[in-house]
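S.K.: So that we are looking at the same thing, I have put the structure below in structure tokens.
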Amino acid sequence: MLLALFLVFGQLSLMAVGGANAVVPEMLRMVVNEHGWMTAAEFTALFAIAQSAPGPNVLIASLVGWQMASLPGAAISLIGICGPSSILSFYVAKLWQRFRDYRLCHAIQRGFAPLSIGLVLGGAWLLAGIANTGWSAWLLCAVSALIA
Numbered sequence: 000m001l002l003a004l005f006l007v008f009g010q011l012s013l014m015a016v017g018g019a020n021a022v023v024p025e026m027l028r029m030v031v032n033e034h035g036w037m038t039a040a041e042f043t044a045l046f047a048i049a050q051s052a053p054g055p056n057v058l059i060a061s062l063v064g065w066q067m068a069s070l071p072g073a074a075i076s077l078i079g080i081c082g083p084s085s086i087l088s089f090y091v092a093k094l095w096q097r098f099r100d101y102r103l104c105h106a107i108q109r110g111f112a113p114l115s116i117g118l119v120l121g122g123a124w125l126l127a128g129i130a131n132t133g134w135s136a137w138l139l140c141a142v143s144a145l146i147a
């Protein structure tokens, strides 16, 4: 179980452009549909808890790990979601410094913002559909988005 948790969150780590919220749809697919570790409703509840707690967005990984394998599961999931992307970021940053003045680098940087926004909005749409709480929740969500 611990190896499976590490592999799932390690893969997600390398896809998380813009943070853990950007891979929520894929996380849900892997945790719920592929591995069957929990239901979509349980995942959505854990996501809500992770978002309400102070701290980084990777808390969802720890909560899924905790649900599956207690403290060791939480630790392994957190290492999985943070480790690979941290190592990759370190080496990419060194390379980026070397080529930062190239036009291609500027284009890549400009492309990451809309990519991240799209991934996060896609995840929000997916989770809102699972929560299925009615029009008042959609209205509150829209007003909150406009205020933010």
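Residue numbers 0 to 147, in numbering that gives the first Met the number 0, belong to the letters of the sequence shown in order.
Ideal Cβ placement from N, Cα and C applies to all residues, glycine included.
Mind checking S148: buried by the 16 CB within 10 Å criterion, or exposed?
M.R.: Since the first and last residues shown for the chain are 0 and 147, residue 148 lies out of range.
S.K.: Can you grab the Cα-Cα spacing for the pair A44 / P113, in whole Å?
M.R.: Walking along the sequence shown from the start, residue 44 turns up at place 45. Walking along the sequence shown from the start, residue 113 turns up at place 114. If I take the Cα positions, the gap works out to 27 angstroms.
S.K.: If we count the other Cβ atoms within 10 Å of its Cβ and call it buried at 16 or more, is L58 buried or exposed?
M.R.: Translated into the one-based positions of the sequence shown, residue 58 becomes position 59. Its Cβ being crowded by 16 or more others within 10 Å, L58 is buried.
S.K.: Just to confirm, are G17 and S115 a CB contact at a threshold of 8 angstroms?
M.R.: On the sequence shown, position 18 is the one that residue 17 refers to. On the sequence shown, position 116 is the one that residue 115 refers to. Contact: yes.
S.K.: Residues in its own chain within less than 6 angstroms of L27 by CB, not counting five upstream and five downstream?
M.R.: Numbered from its first residue, the sequence shown carries residue 27 at position 28. In chain order, F42 place their CB closer than 6 angstroms to the CB of L27, counting only its own chain and leaving out the 5 sequence neighbours on each side.
S.K.: Given that a residue counts as buried once 16 or more other Cβ atoms are within 10 Å of its Cβ, and exposed if not, what is M14?
M.R.: Within the sequence shown, the letter at position 15 stands for residue 14. So M14 counts as exposed.
S.K.: So, at 7 angstroms on beta carbons, what are the nonlocal neighbours of V31 in its own chain, with the 5 sequence-adjacent residues on each side left out?
M.R.: Along the sequence shown, read from residue 1 onward, the residue named residue 31 stands at position 32. Around V31: M37, T38, A39 and F42.
S.K.: With distances taken from CA atoms, which of L118, L70, G117 and A144 is nearest L4?
M.R.: If you number the sequence shown from 1, residue 4 lands on position 5. It is L70.
S.K.: Going by DSSP in three states, M14 sits in which element: helix, strand or coil?
M.R.: Locating residue 14 in the sequence shown gives position 15, counting from the first residue. Three-state DSSP puts M14 in a helix.
S.K.: Alpha carbon to alpha carbon, how far is A123 from A141? Give it in angstroms, no decimals.
M.R.: Position 142 of the sequence shown holds residue 141. Position 124 of the sequence shown holds residue 123. Each residue's alpha carbon lies about 11 angstroms from the other.
S.K.: On the CB-based measure, 16 or more other CB atoms within 10 Å of its CB, does A171 come out buried or exposed?
M.R.: Because the chain here runs from 0 to 147, residue 171 falls outside it and cannot be looked at.
S.K.: Just list the alpha helix (DSSP H) runs in the region 77-136, keeping only unbroken ones of 4 residues or longer that don't cross its boundaries, in chain order.
M.R.: 102-130
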